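Chemist: When the letters of the sequence shown are read in order and numbered with our numbering, they come out as residues 277 to 707.
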Amino acid sequence: MTEVHVVRQPIRFGEELRRRRLEAGLSLTDLARQVFFSKGQLSKVERGLKAPSLDLARRCDDELEAGGVLIALVRKELLREEPVEAINGDEGVWLMQLSRGGQSWFQPIGRRQVIAAGAVSVAGMSIGRQGPSSDAEDTTLLGAFRSLFDHYRSLGQQVDPGFLLPGLITHTHSIREQSAHAGSRTRQELLRLGSRYAEYVGWLVQETGDDQGALWWTQRAVDLAAAGGDDDLAAYGLVRRALVTLYRNDAEQTIELARQAQSATLPPRIRGLAAQREAQGHALAGDYDSCMRSLDRARELLARHTPDPNLPVIGTTNLSDPAAMISGWCLHDLGRSREAAEVIDRQLAQVPPGALRTQVRYGVRRALAHAAAGEVEHACDLTGRLLDAARSVRSATVKADMRSLARVLARHPGNASVREINPVLSQIVAG
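1) Can you have a look at Leu-298 and say buried or exposed, based on whether 16 or more other CB atoms are within 10 angstroms of its CB?
2) What span of residues does the alpha helix (DSSP H) with His-558 cover, start to end?
3) The alpha helix (DSSP H) with Glu-651 in it runs from where to where?
4) Kindly provide the ranges of any beta strand (DSSP E) runs that are 3 or more residues long and lie completely inside the stretch 475-534, ordered along the chain.
5) If contact is defined by three or more beta carbon pairs under 8 Å, each pair taking one atom from either stretch, is the stretch 322-339 in contact with the stretch 609-625?
6) From Arg-294 to Glu-322, what does the alpha carbon distance come to, in whole angstroms?
7) Is DSSP giving Thr-592 helix, strand or coil here?
8) Give every residue of the same chain whose Cβ lies closer than 7 Å to the Cβ of Arg-288, excluding the five residues on either side of it in the sequence, and list them in chain order.
9) Would you kindly report the start and end of the unbroken alpha helix (DSSP H) that includes Phe-439?
10) Quick test of the definition: if touching needs 3 or more C-beta pairs under 8 Å, does the stretch 462-481 touch the stretch 425-438?
11) Considering only C-alpha positions, which residue in the set Phe-312, Ala-616, His-457 and Leu-509 is nearest to Thr-541?
12) Apart from the five residues on each side of it in sequence, which residues of its chain come closer than 6 Å, Cβ to Cβ, to Trp-493?
13) Hey, would you say Arg-527 sits closer than 7 Å to Leu-560, going by beta carbons?
14) What three-state label does DSSP hand Glu-341 in the structure shown?
15) Thinking C-beta only, is Leu-522 closer than 7 Å to Gly-548?
16) With DSSP run on the structure shown, which of helix, strand or coil describes Asn-698?
17) For the ligand SAH, I want to know if His-427 counts as a neighbour, meaning its beta carbon is within less than 6 Å of at least one of the ligand's heavy atoms.
18) From Arg-695, Glu-618, Ala-672 and Asp-677, pick the residue whose C-alpha is nearest to that of Ser-603; which is it?
19) What's the call for Asn-586, buried or exposed, on a 16-neighbour Cβ count within 10 Å?
20) Nearest to Thr-530 by alpha carbon, out of Val-435, Gln-495 and Cys-567?
21) Measure the CB-CB distance between Leu-662 and Val-636 and report whether it falls below 7 Å.
22) Mapping the DSSP letters down to three states, classify Arg-351 as helix, strand or coil.
23) So Ser-303 is in the alpha helix (DSSP H); what residue range does that whole segment cover?
24) At which residues does the alpha helix (DSSP H) containing Lys-315 begin and terminate?
25) At which residues does the alpha helix (DSSP H) containing Lys-675 begin and terminate?
26) Spatial neighbours of Cys-626 within its chain, please: C-beta separation below 6 Å, excluding the five flanking residues on both sides.
27) Would you mind giving the Cβ-Cβ distance between Ile-451 and Leu-466, rounded to the nearest angstrom? I have them listed as a contact below 8 Å.
28) Among Leu-307, Ala-647, Thr-415 and Ser-693, whose alpha-carbon lies nearest the alpha-carbon of Leu-681?
29) Distance check for Gly-344 and Pro-544, CA to CA, integer angstroms please.
30) In terms of residue numbering, what span does the alpha helix (DSSP H) encompassing Asp-621 cover?
31) Given Met-678, which residues of its chain have a CB within under 6 Å of its CB, disregarding the five upstream and five downstream residues?
32) Going by DSSP in three states, Ser-460 sits in which element: helix, strand or coil?
33) Find the nearest neighbour of Leu-533 within the set Ala-672, Leu-519 and Thr-448, judged by alpha-carbon distance.
As structure tokens, this is what we get:
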């Protein structure tokens, strides 16, 4: 006698899916054709014999106008178990080790650990000149570090994050040390610039797949900014934490963190970036109306931003209309993949050719949206154009979308284009 193993959680989803399908007057064949899943797979999901994917929930939610109900039934089961931990106030240090072969690794060490290790073992970690300097020297130094940052950011669009991290981390600590000896006129400017270095390090560390390391560096950025008289970066730290929860499919925490960063006293750009993140959280939750309201707010706030010529812009500088691009991202998460693909198509055409990391990030989202909309051949063609660039920039966050893309394409095993691209796509995702 053959045993049938019933999956417990999805039964509720399956019952709700069946109820809404029948209310809409659709057969299994009708719904399967509309959401680009097989009739057999839908039948197993409805009977609780197969766990539904988040992509299936999104597509069905949109087609059946469920208002996020079907998405919510699945999403909570897909959250990662580990919470996003708050970073404590122990500043500590970040130890760097370089091997003869050129490999490197980094690890945050708390102040207590440093003390336990002994002062002699870390005596060589201090970087910087001793004694006071003139205002002219300070101004020259500040300009040099500012120019270096722009070069690093440009390189960050082209190469593996691990290639840049040793230099960026060294310069971040150097700026902090130099600020202690700078004249009063430029000390704050150095600390604020150092905070931008640390924030960018945090982003690149997240691109390597180390969420906790990314949050550690984000807190260092907040501390440096505060020391330089800029308390606003603490709010952007919340936006960065919300990015971690976003990739963990935690809609509630993403929305809550983003809302905390939207105080009326904060600069428009930080509030605008926070509103964008909130919109992405609402999209995860299947709440279309709240998502669109947040995007409208983000667009209005970002338009009010006045750049500071002495500091790098917070967030991406490679999107001409960030809120529009994020709307395409959100539309896919809301199950409206065809609309998402159209939006991302338009916005990607405006991304500078040299912004490789940005092109890959949203290019994969574009391919994912086209694949989910049933345009499999086109999605494979778009993906094929991205593979070499994806190898170059090596992004853990992009890989998350590439895994989703691979799952969507796997629903079409008989397609020749899918069979051709799948081995290479799988290799990049696994690498």
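Every residue gets a Cβ at the ideal spot worked out from N, C-alpha and C, and that includes glycine. Only a predicted model underlies this, so the values are computations on that prediction, with no experimental measurement involved.
Modeler: Answer, in terms of the structure:
1) exposed
2) 544-560
3) That residue, Glu-651, is in no alpha helix (DSSP H); it is neither H nor E in DSSP.
4) none
5) yes
6) If I take the Cα positions, the gap works out to 6 Å.
7) Thr-592 falls in the coil class under three-state DSSP.
8) Leu-349
9) 437-455
10) yes
11) Of the candidates Phe-312, Ala-616, His-457 and Leu-509, the one whose C-alpha sits nearest the C-alpha of Thr-541 is Leu-509.
12) Ala-474, Val-477, Gly-478 and Val-481
13) This sequence places Ala at residue 527; Arg is not what is there. Yes, they are a contact pair.
14) coil
15) no
16) Helix, per DSSP.
17) Of the ligands one can find in the structure shown there are none, so the ligand SAH has no counterpart to examine.
18) Glu-618
19) By the 10 Å Cβ count, Asn-586 comes out exposed.
20) Cys-567
21) yes
22) The answer is helix: DSSP assigns Arg-351 an H, G or I state.
23) It is not in any alpha helix (DSSP H) - Ser-303 carries neither H nor E in the DSSP assignment.
24) 315-322
25) 672-685
26) Per the sequence shown, the amino acid found at residue 626 is Gln instead of Cys. Once the five neighbours on either side are set aside, the close Cβ partners of Gln-626 are Ser-596.
27) 6 Å
28) Ala-647
29) Rounded to whole angstroms, Pro-544 to Gly-344 spans 30 Å at the Cα level.
30) Run containing Asp-621: 613-624, per the alpha helix (DSSP H) assignment.
31) Val-640 and Val-705
32) helix
33) Nearest neighbour of Leu-533 by Cα position, chosen from Ala-672, Leu-519 and Thr-448, turns out to be Leu-519.
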